[in-house]
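Residue numbers (the numbering used here), protein chains in the order written: chain A, 6 to 315; chain B, 718 to 1122. Every residue gets a Cβ at the ideal spot worked out from N, C-alpha and C, and that includes glycine. Worksheet: the structure to be examined is printed underneath.
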């Protein structure tokens, strides 16, 4: 399943140009990478959120493939039902089996928060689909509100930085580990700068006869407060600072896909984005230390899970 | 009429609903347990397990997911079914709007139960009535035979007008009470209800994008055709629902021709021809009212029953005609629009506004949370109302039947 750049460049995109995403949006880059990675016909679904809004202003659409939207929380269930109906119609001889792959796109709010129950149910029932979390670490479509994926210390419009509260106080959920705890056959974390890693993981995920989950870091210039040309650089920095490790879990076996050398300090990450600017003030040094400790602890735990010496 | 050899079973309303769905050859079922609906889903999962029904049964983790599954399954091209009660229906609320807005021909059995709080698992009709504005057709069955027959009819109606149908029946009173039900022959059902022809299907060579962001105003597409805005699509839904009375009546008539029984289409009546006093209700309570009408007749009152079978679309013209010769109509609602009155009572009054001969309408709230309604209470209410009309000038406020406060 080698991913060849020349072949990718000659393929038609599943997502057409002309959509209304912001300049520098990580989501549409990742959505294109995912669709290009899959060689079979794809049926996609989006939760309510940025990707849905920017690709589907009726009577126009950016999707060149069958695509369905239901509400904010239930994209996993929506697509699982497409897979179910597809299966029953094939079984009854109503349609032919065309080897369709099913890919659901949900934001981090739709995945970590409002949709968690729905994803859990779909994995539990073993539907054959890939769920992709387009994770820009806050509710960006509604205007940068805190989600369960928002990192500790980050400014959002519901964790504003004031004299009393210095951004988000709580650490984010480890949603990928929550998916692994479902005994899911395939789960992975990806980021758009590592496109070959991302596309290879997508190919592994859709080859599975069951559910798979990919958590994709989506840099967001608006929500993270950075210049629009830095999206891919930030994606890389996230991996190098270990705030966004790249790994995969196949049938419960953890595998590390990237180990930075050297591991860069969290301050590099904070300096790159306006949402963390307040953390660099002298009075917040204790917060930086605290967050660095959390990142280090999580990284060590990941190395243990991946059976890699620290 | 169908052949003579049909089978009769002594079954509950829930069994009748499950058999109705099975005979409709549903292809995707998704449901979540809730009292008093659970036996419907248990029955259907058994049919699938035994191979009697070739369908996918999705054991979802919530009612919200149950309806989400049915919505996509129907979009893809499968005939889909779900069933629920009370809080489960309330939990589906968002998806009820979605199913109707997406114009999907789903059928949902709503086993009517009281809404919490306080917690109560017994019958009233607050659950379904609270969802009356979601864009679904609502049928209220009066007995177990009508439950089975209405589910089969519901698919035919839904698939003709592309509006989802809720078949409502009273929890426990029908859902857990056995009565004889004639089971139609499958080949007659197949003739009556042809295979579902979906209007949208899953086809990579003809990709459709569904449920896009739709703005207020109509917009030109890339080839210059004007495409509907949100309001136009809403208008079309209202037009479809308002216009589907004819379909409902025609489907019921055709059902009668095929199976030898029909259910009145939009409404039904009992001893109404010369009735001056009308008792009106929906569901099993209307059946009970026929006994009250007999007793009132025995006491010398010209009483009859007007049964509301279809609540949405509201059969305004039928009701105007059915009540035009009466002096007094008593509406017994098993639900209330808080801060106003019973919803059937309200809607009847609204319909009668344009009638030239308007009867007096008295509203009664009754049977909430499973409170027993006795025939004697109905007849006494009728006599109280008659006295009120004779002796009082002012309008009678809504009365809570047998409310001991």
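Residue from the options with nearest C-alpha to residue i
i, options, result
"residue 190 of chain A", "A:251, A:219, A:153 and A:164", "A:219"
"residue 754 of chain B", "B:908, B:856 and B:892", "B:892"
"residue 302 of chain A", "A:179, A:256, A:235 and A:234", "A:179"
"residue 1022 of chain B", "B:1001, B:765 and B:1029", "B:1001"
"residue 885 of chain B", "B:845, B:991 and B:903", "B:845"
"residue 813 of chain B", "B:757, B:834, B:910 and B:787", "B:787"
"residue 747 of chain B", "B:825, B:1069 and B:794", "B:825"
"residue 906 of chain B", "B:864, B:796 and B:739", "B:739"
"residue 289 of chain A", "A:16, A:158, A:269 and A:52", "A:158"
"residue 74 of chain A", "B:810, B:927, B:761 and B:894", "B:927"
"residue 841 of chain B", "B:969, B:1063, B:1051 and B:1070", "B:1051"
"residue 869 of chain B", "B:901, B:896 and B:843", "B:901"
"residue 1013 of chain B", "B:993, B:1025, B:912 and B:1030", "B:993"
"residue 131 of chain A", "A:143, A:216, A:30 and A:275", "A:216"
"residue 847 of chain B", "B:1079, B:1029, B:1099 and B:1091", "B:1029"
"residue 832 of chain B", "B:948, B:857, B:815 and B:803", "B:803"
Straight-line Cα distance separating residue j from residue i
i, j, result
"residue 245 of chain A", "residue 264 of chain A", "8 angstroms"
"residue 849 of chain B", "residue 11 of chain A", "57 angstroms"
"residue 776 of chain B", "residue 87 of chain A", "15 angstroms"
"residue 19 of chain A", "residue 64 of chain A", "18 angstroms"
"residue 1003 of chain B", "residue 1045 of chain B", "17 angstroms"
"residue 135 of chain A", "residue 209 of chain A", "10 angstroms"
"residue 3 of chain A", "residue 78 of chain A", "A query on residue 3 of chain A cannot be resolved here, the shown segment of chain A reaching from 6 to 315 and no further."
"residue 719 of chain B", "residue 971 of chain B", "Low confidence applies here, because residue 719 of chain B scores a pLDDT of 46, under 50, leaving its location unreliable and the question unanswered by this model."
"residue 222 of chain A", "residue 8 of chain A", "20 angstroms"
"residue 1039 of chain B", "residue 1019 of chain B", "14 angstroms"
"residue 1105 of chain B", "residue 889 of chain B", "34 angstroms"
"residue 1060 of chain B", "residue 909 of chain B", "34 angstroms"
"residue 258 of chain A", "residue 112 of chain A", "26 angstroms"
"residue 62 of chain A", "residue 874 of chain B", "32 angstroms"
"residue 807 of chain B", "residue 830 of chain B", "11 angstroms"
"residue 1118 of chain B", "residue 986 of chain B", "23 angstroms"
"residue 1035 of chain B", "residue 1074 of chain B", "14 angstroms"
"residue 30 of chain A", "residue 201 of chain A", "19 angstroms"
"residue 1066 of chain B", "residue 1042 of chain B", "15 angstroms"
"residue 904 of chain B", "residue 980 of chain B", "21 angstroms"
"residue 791 of chain B", "residue 765 of chain B", "19 angstroms"
"residue 727 of chain B", "residue 1084 of chain B", "26 angstroms"
Short Cβ contact (7 angstroms threshold) for residue i with residue j
i, j, result
"residue 54 of chain A", "residue 115 of chain A", "yes"
"residue 921 of chain B", "residue 879 of chain B", "no"
"residue 723 of chain B", "residue 899 of chain B", "yes"
"residue 998 of chain B", "residue 1095 of chain B", "no"
"residue 45 of chain A", "residue 120 of chain A", "no"
"residue 70 of chain A", "residue 924 of chain B", "yes"
"residue 110 of chain A", "residue 84 of chain A", "no"
"residue 752 of chain B", "residue 864 of chain B", "no"
"residue 1122 of chain B", "residue 1082 of chain B", "no"
"residue 269 of chain A", "residue 229 of chain A", "no"
"residue 817 of chain B", "residue 799 of chain B", "no"
"residue 206 of chain A", "residue 193 of chain A", "yes"
"residue 749 of chain B", "residue 773 of chain B", "no"
"residue 275 of chain A", "residue 284 of chain A", "yes"
"residue 1099 of chain B", "residue 1047 of chain B", "yes"
Range covered by the alpha helix (DSSP H) that runs through residue i
i, result
"residue 785 of chain B", "780–793"
"residue 123 of chain A", "121–129"
"residue 942 of chain B", "Taken as a continuous stretch (DSSP letters only), residue 942 of chain B belongs to no alpha helix (DSSP H), as it is neither H nor E."
"residue 731 of chain B", "730–740"
"residue 308 of chain A", "290–310"
"residue 91 of chain A", "80–96"
"residue 866 of chain B", "861–878"
"residue 969 of chain B", "962–976"
"residue 885 of chain B", "Note, residue 885 of chain B: premise wrong, no alpha helix (DSSP H); beta strand (DSSP E) at 882–887."
Start-to-end residues for the beta strand (DSSP E) that takes in residue i
i, result
"residue 773 of chain B", "773–775"
"residue 47 of chain A", "47–51"
"residue 801 of chain B", "797–801"
Cβ-heavy atom distance, residue i to the ligand ADP, below 6 angstroms
i, result
"residue 790 of chain B", "For the structure depicted, the ligand ADP is absent and the ligand set is empty, with no information on it obtainable."
Checklist line | Near-chain A residues of the region 746–775 of chain B (beta-carbon distance less than 8 angstroms), N- to C-terminal order | finding: Taking 8 angstroms as the Cβ-Cβ cut-off against chain A, the residues of the region 746–775 of chain B that qualify are 747, 771, 772, 773 and 775.
Next item on the list: Scan the region 118–149 of chain A for residues whose Cβ lies nearer than 8 angstroms to a Cβ of chain B and list them as they occur along the chain.
Entry: 122, 123, 125, 126, 129 and 130
Notebook entry, point to check: If you measure beta-carbon to beta-carbon, which residues of the region 790–821 of chain B are closer than 9 angstroms to chain A?
Noted result: 790, 791, 792, 793, 794, 795, 797, 811, 812, 815 and 819
Note to self: Using a Cβ-Cβ cutoff of 9 angstroms, what residues of the region 920–934 of chain B are near chain A? List them in chain order.
What the structure shows: 920, 921, 922, 923, 924, 925, 926, 927, 928, 929, 930, 931 and 932
Check: Relative to chain B, which residues along the region 237–268 of chain A have a C-beta separation below 9 angstroms, given in chain order?
Finding: none
Note to self: Please identify, using Cβ separations under 8 angstroms, the residues of the region 74–102 of chain A that lie next to chain B, in order along the chain.
What the structure shows: Look at the region 74–102 of chain A: the residues with a C-beta under 8 angstroms from a C-beta of chain B are 74, 75, 76, 78, 79, 82, 83, 84, 85, 86, 87, 89, 90, 91, 92, 93, 94, 96, 97, 99 and 100.
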